[in-house]
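Those protein sequence lines, which keep their order, are chains A and B.
For the first sequence, the positions run 25 to 290 when the working numbering is used.
For the second sequence, the positions run 25 to 290 when the working numbering is used.
Scroll down for the structure; my scribbles are underneath it.
There are 2 protein chains.
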Amino acid sequence: MNIAIVGAGNVAWHLAQALQKAGHTITAVYSRNKAHSEDLTKHLPNAVATQELDLTTIVADVVLIAIPDAALPGIAEQIKVKPETIVAHTSGSQPLAVLSTIAGANYGVFYPLQTFSKHSPVDVKQVPILIEGNTEATIDQLEHLAHTISQKVERVDSGKRKQLHLAAVFACNFTNHLLGISQELLRKANLPTDLLQPLIQETIKKAANHNPYAVQTGPAIRNDQNVIDEHLRLLQHQPHLQAIYQALTQGIQATKGNNYSSDQST
Amino acid sequence: MNIAIVGAGNVAWHLAQALQKAGHTITAVYSRNKAHSEDLTKHLPNAVATQELDLTTIVADVVLIAIPDAALPGIAEQIKVKPETIVAHTSGSQPLAVLSTIAGANYGVFYPLQTFSKHSPVDVKQVPILIEGNTEATIDQLEHLAHTISQKVERVDSGKRKQLHLAAVFACNFTNHLLGISQELLRKANLPTDLLQPLIQETIKKAANHNPYAVQTGPAIRNDQNVIDEHLRLLQHQPHLQAIYQALTQGIQATKGNNYSSDQST
């Protein structure tokens with residue numbers, strides 16, 4: 025397929041190169057900042073760098089819009105494509121309908137579920153790509169395109185994508201904050217911040233292979249009120265950490281009824 | 025060294041076999057339940073299974089007590105050893121002093137910082153072992169013993185071990201609960217529960233190599249109130265999840281001042 029990319033950031037960087045490697049031709053890369061698009065077109069022998077959102081002169085079966093979520097509605101209003109072109113965005117949090125204003129086009133979502141940084145390599149084959157489209161034919165074509173770069177392609181509509189985004193906030197954004205708190209506590213105790221790494225790795229592995237509620241350990245699930253009180257005392261000058269500790273302790277205790285297993289090895 | 029083990033659960037199981045593999049002799053395994061100690065002594069050619077806490081007749085330079093935290097004070101009161109024996113417990117949350125009642129003995133802590141399950145193999149070499157003791161000589165001997173099975177040995181006193189335990193509750197117990205919530209949300213949306221695995225793996229990897237506060241992403245750190253409100257609306261019938269969402273969102277926003285980086289690639 026001939027593909028044009030709108031955006032030259034982290035997602036554009038990895039998708040464009042994965043698509044080219046899979047045999048597709050990247051014909052153009054749009055960025056407001058020409059230096060950014062040229063950084064990327066250097067790696068794409070058939071692509072021109074453009075600062076023009078009228079893409080009717082570009083050869084493209086698909087235009088992929090890979091820009092920050094907040095910029096998407098504004099770009100969608102300005103973009104122009106040939107009527108036979110499919111336009112798809114790569115955002116997790118924006119609905120399909122944000123592209124409905126693009127005159128004549130078929131439109132969809134092509135959402136790679138991963139966090140990308142330009143200079144760290146990602147095995148795109150392992151990255152789930154979530155597909156949505158305004159017609160069955162559009163979905164088919166985007167699905168076909170996704171399968172050429174990833175082994176994990178799923179149809180997910182905007183409603184489900186919203187639930188997925190919420191799940192990702194818990195599993196990734198919030199988890200990252202807990203790991204930050206943990207490192208802060210280790211630093212304050214003059215302990216190496218990597219001391220918990222083996223335990224963290226094992227926790228993630230276990231949670232992937234079981235229902236996490238069933239393998240929950242620690243003072244909350246044991247109702248060990250002495251330890252809980254002592255922890256809250258240790259956090260007495262950090263009200264945000266106390267609030268997080270209490271909310272999670274109560275959450276864990278609320279799961280006890282239906283999902284608790286007696287496996288209390290740690 | 026000659027070592028006796030009190031307990032035949034997950035920790036005893038892995039420690040006893042790692043110590044034997046390192047060239048030590050396990051001379052006895054105590055368990056209230058004889059079938060449990062015999063399960064373990066089957067793998068230890070020189071060990072007897074015993075139901076007796078008077079260990080004065082057992083040849084042992086070190087007695088390791090690897091039993092549930094709550095049972096430790098009771099066992100410590102009953103145990104008897106020869107005066108030259110070192111007694112150490114393997115608990116993360118119990119202080120050194122819980123062993124101070126054992127007549128004549130030197131005592132310490134030999135705490136392997138990992139979650140163990142009998143039937144899943146653990147590379148003990150990579151497990152940090154945290155050492156404490158009532159005398160410098162005891163610490164030296166326990167440290168020496170720990171180095172024979174692990175590459176990561178640290179001296180950590182009871183006060184620091186308490187801080188470490190608190191950090192582990194955030195990084196492991198609470199993280200596990202967030203992963204449980206995330207799987208619950210995916211299940212409710214009829215999405216595969218492993219869909220977020222690549223993103224979770226990348227989150228953990230990133231947090232290990234950076235200050236997590238500096239690589240925080242998501243609606244909380246972006247102050248994206250529309251998304252936050254929508255998420256709270258989606259959770260309206262799950263007050264525990266709402267409370268967790270709000271506490272973590274406020275916690276993330278509170279870190280914004282000093283540690284926030286502008287890297288907002290996802």
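Glycine is no exception: its CB is placed at the ideal position from the N, C-alpha and C atoms.
For clarity, every value in this text was computed on a predicted model and none was experimentally measured.
If you draw a straight line from the C-alpha of A:Leu137 to the C-alpha of A:Ala52, how long is it? 24 Å
Under a three-way DSSP split, which group does A:Phe134 fall into? strand
Please list the residues of the segment 129 to 153 of chain A that have a C-beta atom closer than 7 Å to any C-beta atom in chain B, keeping them in chain order. Leu137, Gln138, Thr139, Phe140, Ser141, Gln150, Val151 and Pro152
Please report the residue range of the alpha helix (DSSP H) in which B:Glu13 lies. Residue 13 of chain B is absent from the model: chain B starts at 25 and stops at 290.
For the putative contact between A:Ile27 and A:His60, defined by C-beta atoms under 8 Å, what is the C-beta separation to the nearest angstrom? About 18 Å; that fails the 8 Å criterion.
Given this structure, state the Cα-to-Cα distance separating A:Asn214 from B:Ile245, to the nearest angstrom. 27 Å
Please confirm if the segment 134 to 152 of chain B is in contact with the segment 76 to 85 of chain B, defined as three or more CB-CB distances below 8 Å between the two stretches. no
Considering Cα atoms alone, identify which of A:Ser117, A:Glu101 and A:Ile268 is closest to A:Lys187. Going by the sequence as given, residue 187 of chain A is Gln instead of Lys. Among A:Ser117, A:Glu101 and A:Ile268, the Cα nearest to that of A:Gln187 belongs to A:Ser117.
Establish whether the CB of A:Asn57 and some CB of chain B are separated by less than 8 Å. no
To the nearest angstrom, report how far apart B:Thr273 and A:Ile268 are at their CA atoms. 9 Å
I'd like the span of the alpha helix (DSSP H) that includes A:Ile1, first residue to last. Here chain A covers residues 25 to 290 and nothing more, so residue 1 of chain A does not appear.
With 8 Å as the threshold, decide whether the Cβ of A:Leu88 is near any Cβ in chain B. no
Examine chain B for any beta-carbon lying closer than 8 Å to the beta-carbon of A:Pro236, and answer yes or no. yes
Buried or exposed: where does B:Ala71 fall if 16 or more other Cβ atoms within 10 Å of its Cβ makes it buried? buried
Go ahead and label A:Pro222 buried or exposed: buried means 16 or more other beta carbons lie within 10 angstroms of its beta carbon, across all protein chains shown. buried
My assumption, with CB atoms under 8 Å, is that B:Lys142 sits in contact with B:Asn34. Please give the rounded CB distance. 5 Å
Boundaries (first-last residue) of the alpha helix (DSSP H) holding B:Leu188: Ser182 to Ala192
For the beta strand (DSSP E) that contains B:Val53, what are its first and last residues? Thr49 to Tyr54
Hey, is the segment 202 to 217 of chain B in contact with the segment 158 to 175 of chain A, meaning 3+ C-beta pairs nearer than 8 Å? no
Starting from the N-terminal side, write out each stretch of the alpha helix (DSSP H) that is 4 residues or longer and does not extend beyond the segment 67 to 97 of chain A. none
Which residues in chain A sit within 7 Å of B:Ala251, going by Cβ to Cβ distance? In the sequence under discussion, the amino acid at residue 251 of chain B is Val, which differs from the Ala named in the question. Those are Ser117, listed as they occur along chain A.
When you compare the segment 83 to 100 of chain B with the segment 108 to 127 of chain B, are there three or more beta-carbon pairs, one atom per stretch, that lie closer than 8 Å? yes
Classify A:Glu108 as helix, strand or coil using the three-state DSSP reduction. coil
Where does A:Val122 fall in DSSP's three states? helix
Pick from B:His264, B:Gly204, B:Pro216 and B:Thr279: whose alpha carbon is nearest that of A:Pro263? B:Thr279
Since A:Phe134 and A:Ile155 should fall inside the 8 Å C-beta cutoff, what is the C-beta to C-beta distance between them, to a whole number of angstroms? 6 Å
If you draw a straight line from the alpha carbon of A:Leu169 to that of B:Asp218, how long is it in whole angstroms? 22 Å
Exposure of B:Gly204, with buried meaning 16 or more beta-carbon neighbours within 10 Å: buried
Following the continuous alpha helix (DSSP H) through A:Leu219, name the residue where it begins and the one where it ends. A:Leu219 -> no alpha helix (DSSP H), and no H or E assigned at all.
For the putative contact between A:Leu39 and A:Leu77, defined by C-beta atoms under 8 Å, what is the C-beta separation to the nearest angstrom? 19 Å between Cβ atoms; not a contact.
If you follow the beta strand (DSSP E) that A:Asn26 is part of, which residue opens it and which one closes it? Asn26 to Val30
Just tell me which of A:Ile224, A:Ala191 and A:Ile99 has its CA closest to the CA of B:Ile252. A:Ala191
If B:Met25 sits next to B:Val86, beta carbons under 8 Å apart, how far is it from one beta carbon to the other, in whole angstroms? 6 Å
Using a C-beta cutoff of 8 Å, does A:Pro69 count as contacting chain B? no
Exposed or buried, what is B:Thr159 when buried is set at 16 or more other beta-carbons lying within 10 Å of its beta-carbon? exposed
State yes or no: is the beta carbon of A:Ala121 nearer than 8 Å to at least one beta carbon in chain B? no
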